[in-house]
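Quick note, the sequences are listed as chains H and U, same order. Be aware that the first sequence starts at 1185, since it is given in the working numbering, and climbs by one per residue. Be aware that the second sequence starts at 1185, since it is given in the working numbering, and climbs by one per residue.
There are 2 protein chains.
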Amino acid sequence: MSVPKPLVVEPLTQAAFAPFGEVMDELGAELRMINEGTTERYHALAHVDTSGQHGKPIISLFRANRRPLPILVRMLERHPLGSQAFYPLSNRDWLVVVGLGEARPASDSLRCFRATGTQGVNYARNAWHHPVLVLAPIQDFLVVDREGPGNNLEEYWFDHPADQRVLSI
Amino acid sequence: MSVPKPLVVEPLTQAAFAPFGEVMDELGAELRMINEGTTERYHALAHVDTSGQHGKPIISLFRANRRPLPILVRMLERHPLGSQAFYPLSNRDWLVVVGLGEARPASDSLRCFRATGTQGVNYARNAWHHPVLVLAPIQDFLVVDREGPGNNLEEYWFDHPADQRVLSI
Chain H
1185 MSVPKPLVVE PLTQAAFAPF GEVMDELGAE LRMINEGTTE RYHALAHVDT SGQHGKPIIS
1245 LFRANRRPLP ILVRMLERHP LGSQAFYPLS NRDWLVVVGL GEARPASDSL RCFRATGTQG
1305 VNYARNAWHH PVLVLAPIQD FLVVDREGPG NNLEEYWFDH PADQRVLSI
Chain U
1185 MSVPKPLVVE PLTQAAFAPF GEVMDELGAE LRMINEGTTE RYHALAHVDT SGQHGKPIIS
1245 LFRANRRPLP ILVRMLERHP LGSQAFYPLS NRDWLVVVGL GEARPASDSL RCFRATGTQG
1305 VNYARNAWHH PVLVLAPIQD FLVVDREGPG NNLEEYWFDH PADQRVLSI
């Protein structure tokens, strides 16, 4: 009988996440001292890409509730017209699930990263990713994405259990 | 002898801040339920305006250190080519000082707002504002502003003590 396979949880690093977008992390960022030396600016952790088809960048707040465990990954989504950045507003680890593929994500390409509470991610335009997954009961995120004309959401559902994945947390 | 006058600290509200930009606050925001009902999206708290003169929006992290009290407001700055959004990453009150004026800010127009730890602001393009002021010893902010060609920073210094202001906190 075919059942969902487990998906290993990896640490989130810039190198590992490069195929999917940017990790927003002060580690490795360019540091500029500003405001008469009172402020450290960790510059350009992420680059917002929302201008296609007359899109405009907007800032929203997401309040994510934890899903019941074990978490079953049955779908991924992507935004063909813009990047989407998430940065946590409380210092708790959270999960980032992504996949590779053109017309659809390949189930064997799925990866799960454990982000710390001081790491954000900026999904690249067209990068397959799971909706936000939190480990705390509730966690807020600042989100920078796109508003504008056109269809900016595609979902792909894994109908076959063999293509689904269970997070081993 | 002319000395700096005190500047009263007011609560931060959308209405009071309207001449200077947007308040990012879930209160009054459009709420959308997404991700199979697991996530509340407080939609479009702020609109990023960085596209003039081939600018691109970027996301940075600012680590602000508290200035010695009393805080003397001696200058304001503005960004003629783009908006600049600040959202706090720890739940502590912070201060927002702004002013009105075309070529220079009028000292009698200065206002100081006390933002909560769950309120951000998005300074409008060309809105005069003071560099970030925190009440905690140290506070991080996610900042969405502009990268690109052109001069996007103007500073105005109040040389005369009568034009300067002391924050009464």
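From the three backbone atoms N, C-alpha and C, an ideal C-beta is built for every residue, glycine too.
The C-alpha of residue 1304 of chain U lies about 21 Å from the C-alpha of residue 1191 of chain U.
Residue 1200 of chain H: member of the alpha helix (DSSP H) spanning 1198–1201, first to last residue. Against chain U, the CB of residue 1201 of chain H has no partner CB under 7 Å away; the residue lies outside that interface. The continuous beta strand (DSSP E) containing residue 1244 of chain H extends over residues 1240–1249.
Using a CB distance below 9 Å, the part of the segment 1226–1255 of chain H facing chain U consists of 1226, 1227, 1228, 1229, 1230, 1231, 1232, 1233, 1234, 1235, 1240, 1241, 1242, 1243, 1244, 1245, 1246, 1247, 1248, 1249, 1250, 1251, ordered along the chain. Here residue 1219 of chain H is actually not in contact with residue 1264 of chain H; their C-beta atoms are around 39 Å apart, not less than 8 Å.
In terms of beta-carbon proximity, residue 1336 of chain U stays away from the interface with chain H, with every pair separated by 7 Å or more. At least one beta carbon of chain H lies nearer than 7 Å to the beta carbon of residue 1269 of chain U. In the same chain as residue 1208 of chain H, and ignoring 5 residues on each side of it, the C-beta atoms closer than 8 Å to its own belong to 1229, 1230, 1269, 1271, 1303, 1304, 1305, 1306, in chain order. Taking the Cα of residue 1203 of chain U as reference, the smallest distance to any Cα among U:1298, U:1285, U:1353, U:1221 is reached at U:1285. Under the three-state reduction of DSSP output, residue 1332 of chain U falls in the coil class, being neither helix nor strand. Closest by C-alpha distance to residue 1347 of chain H, out of H:1245, H:1289, H:1195, is H:1289. Three or more beta-carbon pairs separated by less than 8 Å are not found between the segment 1254–1261 of chain U and the segment 1240–1254 of chain H, which leaves the two stretches without contact. Pairing residue 1199 of chain H with residue 1281 of chain H, the inter-Cα distance amounts to about 15 Å. Contact annotation for residue 1315 of chain U against chain H: 1218, 1219, 1220, 1222, 1223 [CB-CB distance below 8 Å, chain order].
At least one beta carbon of chain U lies nearer than 7 Å to the beta carbon of residue 1328 of chain H.
Cβ atoms of residue 1248 of chain U and residue 1297 of chain U stay farther apart than 8 Å, at about 16 Å. Separation of the CB atoms of residue 1278 of chain H and residue 1299 of chain H is rounded to 5 Å, and the pair is thereby assigned contact status at 8 Å. Contact of residue 1210 of chain U with chain H is assigned, a C-beta pair being separated by under 7 Å. Contact between residue 1237 of chain U and residue 1332 of chain U holds, with the beta-carbon distance rounding to 6 Å and staying under 8 Å.
Burial state of residue 1311 of chain U is buried, judged by a 10 Å Cβ sphere holding 16 or more other Cβ atoms. Distances from the alpha-carbon of residue 1292 of chain H to those of H:1267, H:1345, H:1322, H:1273 put H:1345 closest. DSSP places residue 1324 of chain H in the strand class (E or B) of the three-state scheme. Residue 1283 of chain H sits buried, since 16 or more C-beta atoms from the chains shown fall within 10 Å of its C-beta. Residue state for residue 1285 of chain H is assigned as coil, using DSSP reduced to three classes. Taking the C-beta atoms as reference points, residue 1234 of chain H is found nearer than 7 Å to residue 1266 of chain H. Closest by C-alpha distance to residue 1223 of chain H, out of U:1353, U:1342, U:1329, U:1316, is U:1316. The contact set of residue 1273 of chain U on chain H, defined by CB atoms closer than 7 Å, consists of 1273 in chain order. The three-state secondary structure of residue 1346 of chain U, taken from DSSP, is helix. Bounds of the beta strand (DSSP E) holding residue 1225 of chain H are 1223–1231. When rounded, the separation of the alpha-carbon atoms in residue 1257 of chain H and residue 1343 of chain H is 11 Å.
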